[in-house]
Amino acid sequence: MIIAKFLHILGFTVWVGGMFFAHNALRPVAAVTLEPPQRLTLLAGIFTKFFVWVWISIALIFGSGLYMMALIGKPPVYITLMFVLGVIMALIFAHIFFAPYRRLKRAVAAQEWKAGGAAMGQIRKLVGINLILGLLTIVIGSLGPLAR
Numbered sequence: 309m310i311i312a313k314f315l316h317i318l319g320f321t322v323w324v325g326g327m328f329f330a331h332n333a334l335r336p337v338a339a340v341t342l343e344p345p346q347r348l349t350l351l352a353g354i355f356t357k358f359f360v361w362v363w364i365s366i367a368l369i370f371g372s373g374l375y376m377m378a379l380i381g382k383p384p385v386y387i388t389l390m391f392v393l394g395v396i397m398a399l400i401f402a403h404i405f406f407a408p409y410r411r412l413k414r415a416v417a418a419q420e421w422k423a424g425g426a427a428m429g430q431i432r433k434l435v436g437i438n439l440i441l442g443l444l445t446i447v448i449g450s451l452g453p454l455a456r
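First residue of the sequence shown: 309, per our numbering; consecutive thereafter.
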């Protein structure tokens, strides 16, 4: 159980921490200091690296979470809520990865900066939603046991 908890914490730390950094530090600075060609090329490259870690994080989170849920039997409401939010977050990420992120990569490769900016705008909004859901899930996981 301790290894599963460690992997779970590691997974959500990488994913939510990476979203927080990208959404609240990296992108705003890049938006004011770089022109669209440099900014979109940089962000597409960063996402290429970061999204590998998000897929790994999702596997760690779901693998460890399902394992821990199986060990405890019928999970309390707060754990079920965490699981539901995790599924929603994973679905949002999958949409980001397979739709606007692909459009961003194509636009950068074709040097179509307006289309790349539109794709980046969609990614920013969806990452913002996922960041809020991720922080909410952390609050539920941290405070849920205290509500028993």
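Don't be surprised by glycine CBs; every beta carbon is placed ideally from N, CA and C.
Since the structure is predicted, the reported quantities are computational estimates derived from the model, not experimental observations.
*asked:* Can you tell me whether G424 is helix, strand or coil according to DSSP?
replied: Helix.
*Same chain, Cβ closer than 7 Å to Q430, five either side skipped, listed in chain order*: Cβ within range, chain order: P408.
*Taking all protein chains shown into account, do 16 or more other C-beta atoms lie within 10 angstroms of the C-beta of I404, making it buried, or fewer, making it exposed?*
Buried.
*With DSSP run on the structure shown, which of helix, strand or coil describes L379?*
Of the three classes helix, strand and coil, the one that applies to L379 here is helix, per DSSP.
*In terms of alpha-carbon separation, which member of K357, T349, L451 and L441 lies closest to Q419?*
When only C-alpha atoms are compared, the closest one is T349.
*Are T445 and G371 touching if we call contact CB-CB under 8 Å?*
Contact flag unset, no.
*Use the C-beta contact count for I380: other C-beta atoms within 10 angstroms, 16 or more gives buried, fewer gives exposed.*
With fewer than 16 Cβ atoms within 10 Å of its Cβ, I380 is classed as exposed.
*If we call anything under 8 Å between Cβ atoms a contact, is A402 one with L412?*
At a Cβ-Cβ threshold of 8 Å, A402 and L412 do not count as neighbours.
_Counting beta carbon pairs with one atom in the segment 323-331 and one in the segment 384-394, are three or more of them shorter than 8 Å?_
Contact between the segment 384-394 and the segment 323-331 is absent: fewer than three C-beta pairs spanning the two stretches fall below 8 Å.
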